[in-house]
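Peer 1:
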Amino acid sequence: MWCPFPEPSNEFSSLEGGGMITVMSMNLRFGLADDGENRWALRQHLLPAFFAAHPADVIGFQEVNDFQATVLRQLLPNHQYIGVRPDAPERWQHNLIFYPAHWICESSGHYYLSDTPDTPSKLEGSQWPRQFVAGCFHTGRQRLLVANTHFDFNADVQVAAARIALNLLARFPKNLPRVLTGDFNAVPGSLCHTLLTSGAEGFQDAFDGAHVPTHHNFTGQSDGGQIDWILYSGKGMTTVACGAVTTSFRGRYPSDHFPVWARFRLISNK
Numbered sequence: 002m003w004c005p006f007p008e009p010s011n012e013f014s015s016l017e018g019g020g021m022i023t024v025m026s027m028n029l030r031f032g033l034a035d036d037g038e039n040r041w042a043l044r045q046h047l048l049p050a051f052f053a054a055h056p057a058d059v060i061g062f063q064e065v066n067d068f069q070a071t072v073l074r075q076l077l078p079n080h081q082y083i084g085v086r087p088d089a090p091e092r093w094q095h096n097l098i099f100y101p102a103h104w105i106c107e108s109s110g111h112y113y114l115s116d117t118p119d120t121p122s123k124l125e126g127s128q129w130p131r132q133f134v135a136g137c138f139h140t141g142r143q144r145l146l147v148a149n150t151h152f153d154f155n156a157d158v159q160v161a162a163a164r165i166a167l168n169l170l171a172r173f174p175k176n177l178p179r180v181l182t183g184d185f186n187a188v189p190g191s192l193c194h195t196l197l198t199s200g201a202e203g204f205q206d207a208f209d210g211a212h213v214p215t216h217h218n219f220t221g222q223s224d225g226g227q228i229d230w231i232l233y234s235g236k237g238m239t240t241v242a243c244g245a246v247t248t249s250f251r252g253r254y255p256s257d258h259f260p261v262w263a264r265f266r267l268i269s270n271k
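For the sequence shown, the numbering used here assigns the number 2 to the initial residue and increments by one for each residue that follows.
1. Counting along the chain, where does the alpha helix (DSSP H) carrying H194 start and finish?
2. Helix, strand or coil for R104, going by three-state DSSP, please let me know.
3. What would DSSP say about S10, mapped onto helix, strand or coil?
4. Look up F138 in the DSSP assignment and give the residues it is bridged to.
5. Cβ of I272 within 8 Å of Cβ of A263?
6. Helix, strand or coil for G37, going by three-state DSSP, please let me know.
7. How many Å lie between R164 and G126 at the Cα?
8. So what does DSSP say about W3, is it helix, strand or coil?
9. With 16 as the cutoff for other CB atoms within 10 Å, does W104 come out buried or exposed?
10. Return the first residue and the last residue of the alpha helix (DSSP H) that R74 is part of.
11. With a threshold of 8 Å between beta carbons, is E107 in contact with chain B?
12. Hey, out of Q128, F133 and M21, whose CA is closest to N168's CA?
13. Let me know the secondary structure DSSP gives I231 once reduced to three states.
14. Run through DSSP, which three-state label would Q81 get?
15. Would you kindly check if the distance between the Cβ of C137 and the Cβ of P178 is under 8 Å?
16. What separation, rounded to the nearest whole angstrom, lies between the Cα atoms of L77 and F62?
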């Protein structure tokens, strides 16, 4: 299923009454981190070349500080985004969903992976407050639900977060194709992955059978399994190709994670 990065689908092409879409998940690495020679000020200049070489229709970003969101908006002028926490603290890391500007966002929500998801909070045992962002979009030919998240490190917290994520998705219209991107801090086959990909309402993993390690700490040499996922579900939605961007730019990497992407075919449900 692996292939070179596809060309962007600026409009849904005519294909079985639907179209094609490329989705990416990218942990940007928050800009306030003390990363020495890999700090934000010394790597943000890599992003224009990255996005030019690897355009995507939908991008789920994690760990985005406010000033990084400003840069992303400038670099992706044909996109809009959701996911900014209102009145966020100065060091807050947003989970953002960038989507084509010609799409209509019919509804969206910013939540917390906690027992009180509508108010700033966190699960017991979670190191940080963790977020879940979702939006229902209309492309003109297709309705699509997209969600983006960032799980904690603790396995028990991850399982609880997965259950909350499924409950939050239930707030949105049913029977739509769904895509869930994120840094899950867990590998395929983990308890939270199994929970999200099991049952009648479960997701499928776009990388099923083709997983690649994604965290590399700016070295290009991964130190674990694939913790960045793209999951999907819905009648008439299939994976055409998937991959990870493991190449460097000017000998350096734009993030400490390899961005992952998947190309989907969708049947129109307008």
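The beta carbon of each residue, even a glycine, is placed where N, CA and C say it ideally should be.
Peer 2: Straight from the coordinates:
1. Looking at the DSSP string, the run of the alpha helix (DSSP H) that includes H194 is L192 to L197.
2. Going by the sequence as given, residue 104 is Trp instead of Arg. Reduced to three states, the DSSP call for W104 is coil.
3. Confidence in S10 is poor, its pLDDT being 43 and thus under 50, which makes the residue's placement unreliable; the coordinate value appears in the next sentence. DSSP places S10 in coil when its eight states are reduced to three.
4. C106 and L145
5. Residue 272 lies beyond the range of the chain shown here (2 to 271); nothing can be said about it.
6. helix
7. 16 Å
8. Below a pLDDT of 50, predicted positions are generally treated as unreliable, and W3, at 43, falls in that range; the measurement from the model is reported next regardless. It is a strand residue.
9. Buried, by the Cβ-count rule.
10. D67 to L76
11. You won't find chain B in this structure, because it holds only one protein chain.
12. F133
13. strand
14. strand
15. no
16. Linking L77 to F62 through their CA atoms gives a straight-line distance of about 13 Å.
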